[in-house]
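**Student:** Going down the list, the sequences are from chains A and B.
Just so we're aligned: the first sequence equals residues 5 to 267 in my numbering.
Just so we're aligned: the second sequence equals residues 5 to 267 in my numbering.
The C-beta atom is built at its ideal place from N, Cα and C for all residues, glycine as well.
Protein chains: 2
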Amino acid sequence: MTKPQVARGRADQGTLSRRERVREATLAEIKAIARRHLVEHGPSGVSLRAVAREMGMTAPGLYRYVSGIDALLIAITADMFDELADAVAAADASVPEEDTDRRILTSLRAFRTWAIDHRSEFAVMFGPRARLDPNADITPGLAAARRFAATFYTLFDRLLVERRFALPDRAQVTPDLDRELRSFAERCGFSAPHIPVEAVMVLTSCWVRLYGVVCMEVFDHMSIVMGDLEPLFEAELRAVLTDLGVRYEPPGDTSPSTIGTPD
Amino acid sequence: MTKPQVARGRADQGTLSRRERVREATLAEIKAIARRHLVEHGPSGVSLRAVAREMGMTAPGLYRYVSGIDALLIAITADMFDELADAVAAADASVPEEDTDRRILTSLRAFRTWAIDHRSEFAVMFGPRARLDPNADITPGLAAARRFAATFYTLFDRLLVERRFALPDRAQVTPDLDRELRSFAERCGFSAPHIPVEAVMVLTSCWVRLYGVVCMEVFDHMSIVMGDLEPLFEAELRAVLTDLGVRYEPPGDTSPSTIGTPD
DNA sequence: CGCTTTAGTGAACACCGTTAGCAAACACTG
DNA sequence: CAGTGTTTGCTAACGGTGTTCACTAAAGCG
């Protein structure tokens with residue numbers, strides 16, 4: 005139907021035809037502008053007409069590229085998850101491979117930093133789906149979201165095999181919880197023979213704690229009552245890591261044997 | 005200017021004049037309809053025109069009662085905080101006054117229950133301010149929000165004076181954190197001579213954990229990967245309460261000496 | 001060259017928030 | 001009672017939104 009059977013100029017080599025290239029480019033432009041409107045005017049400030057206007061086009065023209073405003077939002081959400089995954093992965097990779105402790109610390113801080121540097125994006129990604137149909141198809145973003153989570157799975161798995169922390173009592177995992185945790189682990193790609201449900205429970209619990217602080221900070225609810233939430237995040241981070249048997253270091257510490265980037 | 009100096013029929017006794025009464029009534033109707041639209045069509049489904057239409061009025065007419073859509077949203081948000089505060093307070097009051105443990109358990113469960121029974125409302129109250137000006141005046145809701153929090157302050161204070169849990173090391177409270185925690189405690193009405201900052205830290209930490217699970221559940225992010233998040237909330241609740249030295253009981257338990265409501 | 005596919009436009013429909021001006025209903029005063 | 005000022009709600013209008021449809025112009029292909 006919509007499959008383009010034209011433009012097979014050099015399609016043999018996997019090269020895109022001229023048409024496909026320019027198409028890809030305008031789609032990228034659309035998403036870029038929409039993204040900018042998102043950060044500049046908030047989630048409600050993204051509109052097809054405004055994007056089109058800025059491109060020197062009319063709104064209906066965009067329907068050749070995007071099936072509607074919802075699809076556009078979903079598409080840029082997927083891109084943002086990709087970006088976040090990149091940011092976290094980069095932070096992880098910036099630390100020596102063997103230094104699990106600092107890799108975790110750095111990755112988690114990268115998550116928070118990205119979140120507060122991209123508040124509007126975070127709101128769309130992790131907040132309520134205020135603008136979208138509840139039954140919209142959000143599969144485009146799922147792969148990126150999984151990639152984002154994967155970084156943490158890998159690190160957490162290392163803690164697990166190194167037996168850094170004591171697993172909680174199996175008795176604490178009620179049948180209901182057990183079922184849900186298994187579902188989570190399996191559908192998220194965090195299931196392996198050596199991973200017990202208790203470990204999955206610890207993982208989710210830790211994630212919930214940090215997610216909670218970041219939400220609180222990004223959604224800006226405490227601002228009347230508390231100026232800066234970074235200390236709170238650090239405290240929570242410290243607590244979580246300590247529970248996991250991971251060495252915590254305060255933010256400023258560039259510490260020994262590492263390249264000095266004093267800024 | 006806008007102060008109504010008319011209608012002083014029986015104003016001496018504090019009774020509202022006929023005009024004020026009908027005005028109050030239509031304002032209430034506006035908010036009620038807006039509220040229904042919120043729960044039925046989500047946050048983006050609230051519009052002045054639709055409300056007016058349903059009332060048999062035109063949109064500009066509503067401007068006699070509400071200064072715009074933002075003010076309307078803020079007003080119903082305040083109402084919702086009031087409702088939530090009532091729900092939590094009622095849950096708290098449904099338990100014998102001396103039974104601190106179960107009062108806490110019940111109040112916190114009431115919070116979650118209210119949240120998942122009122123997803124759209126929760127999104128507006130605790131999610132990102134997607135639709136509002138960041139610098140909008142949200143004072144109307146503040147009092148209600150404080151009232152909501154107050155229930156938990158009271159209960160937490162009892163744990164504190166009963167020395168139910170060990171306070172963390174003072175060393176863990178960095179100067180930055182200390183400053184923020186004091187600001188929080190003071191501006192929230194949770195400061196008293198006998199309350200150390202370490203206690204405030206514990207309080208916020210506990211709150212963050214439960215807020216995190218509830219956000220996750222209401223914002224519906226895990227749904228692809230985990231069907232029901234209640235077991236997760238219960239696990240987190242159990243962990244939090246255990247840390248606080250509070251007796252945890254699984255949900256179904258109506259336990260001895262209490263009225264049996266087996267449904 | 002002709003033919004097909006695609007990109008983009010303009011007009012239109014149905015919404016939205018908000019402002020301005022105006023007419024009727026109301027409440028109080030002389 | 002009539003007179004007067006306030007309150008209420010309307011219509012009209014402006015500018016914004018998403019979306020559909022019919023249509024033209026261009027690009028690509030054989």
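(1) Just the C-alpha distance for Val50 (chain B) and Pro64 (chain B), rounded to the nearest angstrom, thanks.
(2) Leu87 (chain A): which of A:His122, A:Leu76, A:Ile108 sits nearest, CA to CA?
(3) Report all residues from its chain with a CB closer than 6 angstroms to the CB of Val142 (chain B); omit the five preceding and five following residues, and keep chain order.
(4) With distances taken between CB atoms, is the gap from Glu240 (chain B) to Arg213 (chain B) smaller than 8 angstroms?
(5) Output needed for Thr62 (chain A): all residues of its chain with C-beta closer than 6 angstroms, excluding positions within five of it in sequence on either side, in chain order.
(6) Just to confirm, is the Cβ distance from Arg168 (chain B) to Val250 (chain B) under 8 angstroms?
(7) Please state if the CB of Thr104 (chain A) and the CB of Leu163 (chain A) are separated by a distance shorter than 8 angstroms.
(8) Quick check on Ser71 (chain A): does DSSP put it in helix, strand or coil?
(9) Cβ atoms of Pro47 (chain A) and Ala119 (chain A): under 8 angstroms apart, would you say?
(10) For the region 197-209 of chain B, list every residue whose C-beta sits within 9 angstroms of some C-beta in chain A, in sequence order.
(11) Suppose the cutoff is 8 angstroms on Cβ atoms and the five residues either side in sequence are ignored; what does the same chain contact list for Thr155 (chain A) look like?
(12) Please report whether the beta-carbon of Glu253 (chain B) lies at a distance below 8 angstroms from any beta-carbon of chain A.
(13) Out of A:Ala134, A:Arg116, A:Ala29, point me to the one whose CA is closest to His45 (chain B)'s CA.
(14) Which of helix, strand or coil does DSSP assign to Ile34 (chain B)?
(15) Would you give the residue range spanned by the alpha helix (DSSP H) that Arg150 (chain A) belongs to?
(16) According to DSSP, simplified to helix, strand and coil, what is Asp105 (chain A)?
(17) Secondary structure at Ile199 (chain B), three-state DSSP: helix, strand or coil?
(18) How many Å lie between Leu248 (chain A) and Arg242 (chain A) at the Cα?
(19) Rounded to whole angstroms, what's the CA-CA distance from Arg183 (chain B) to Glu190 (chain B)? Just pull it up for me.
(20) Strictly under 8 angstroms for the Cβ-Cβ distance: is Asp180 (chain A) near chain B by that measure?
(21) Along chain B, which residues have their Cβ under 8 angstroms away from the Cβ of Ser71 (chain A)?
(22) Consider the Cβ of Leu236 (chain B): report whether some Cβ of chain A lies at a distance smaller than 8 angstroms.
(23) How many angstroms separate the CA atom of Phe130 (chain B) from the CA atom of Phe85 (chain B)?
(24) Taking all protein chains shown into account, decide if Val165 (chain B) is buried (16 or more other Cβ within 10 angstroms of its Cβ) or exposed.
(25) Would you say Met61 (chain A) reaches chain B, if we count a Cβ-Cβ gap shorter than 8 angstroms as a contact?
(26) So, do the region 65-73 of chain A and the region 28-37 of chain A have three or more beta carbon pairs nearer to each other than 8 angstroms?
(27) Give, in chain order, every residue of the region 46-61 of chain A whose Cβ lies closer than 7 angstroms to some Cβ of chain B.
(28) Expressed to the nearest angstrom, what Euclidean distance is found between the alpha-carbon atoms of Arg25 (chain B) and Arg39 (chain B)?
(29) Relative to the C-alpha of Asn139 (chain B), which residue among B:Ile80, B:Leu185, B:Ala75, B:Ala175 is closest?
(30) Would you say Val229 (chain B) reaches chain A, if we count a Cβ-Cβ gap shorter than 8 angstroms as a contact?
(31) Please classify Ala175 (chain B) as buried or exposed, where buried requires at least 16 other C-beta atoms within 10 Å of its C-beta.
(32) Compare the beta carbon distance of Ala148 (chain B) and Ala82 (chain B) with 8 angstroms and say whether it is the shorter of the two.
(33) Starting from Gly65 (chain A), trace the alpha helix (DSSP H) in both directions and tell me its first and last residue.
(34) Tell me, please, whether the CB atom of His41 (chain A) is closer than 8 angstroms to any CB atom in chain B?
(35) Since Val229 (chain A) and Ser187 (chain B) should fall inside the 8 angstroms C-beta cutoff, what is the C-beta to C-beta distance between them, to a whole number of angstroms?
(36) Can you say whether Ala107 (chain B) is buried or exposed, counting buried as having 16 or more other CB atoms within 10 angstroms of its CB?
**Tutor:** Here's the rundown:
(1) 15 angstroms
(2) Position check: residue 87 (chain A) holds Glu in this sequence, whereas Leu was assumed. Nearest C-alpha to Glu87 (chain A): A:His122.
(3) Contrary to the premise, residue 142 (chain B) reads as Ile rather than Val in this sequence. Counting only Cβ-Cβ distances below 6 angstroms, and skipping sequence neighbours, we find Ile78.
(4) yes
(5) Ala56
(6) yes
(7) yes
(8) coil
(9) no
(10) Met205, Thr208, Ser209
(11) Ala89, Val92, Ala93, Asp96, Ser111
(12) no
(13) A:Ala134
(14) helix
(15) 143-165
(16) helix
(17) coil
(18) 10 angstroms
(19) 11 angstroms
(20) yes
(21) Here the premise fails: no neighbours, minimum Cβ distance about 19 angstroms.
(22) yes
(23) 10 angstroms
(24) exposed
(25) no
(26) yes
(27) Gly46, Pro47, Ser48
(28) 21 angstroms
(29) B:Ala75
(30) yes
(31) exposed
(32) yes
(33) 63-66
(34) no
(35) 7 angstroms
(36) A small correction: the amino acid at residue 107 (chain B) is Arg; Ala does not occupy that position in the sequence shown. Buried, since its Cβ has 16 or more Cβ neighbours within 10 Å.
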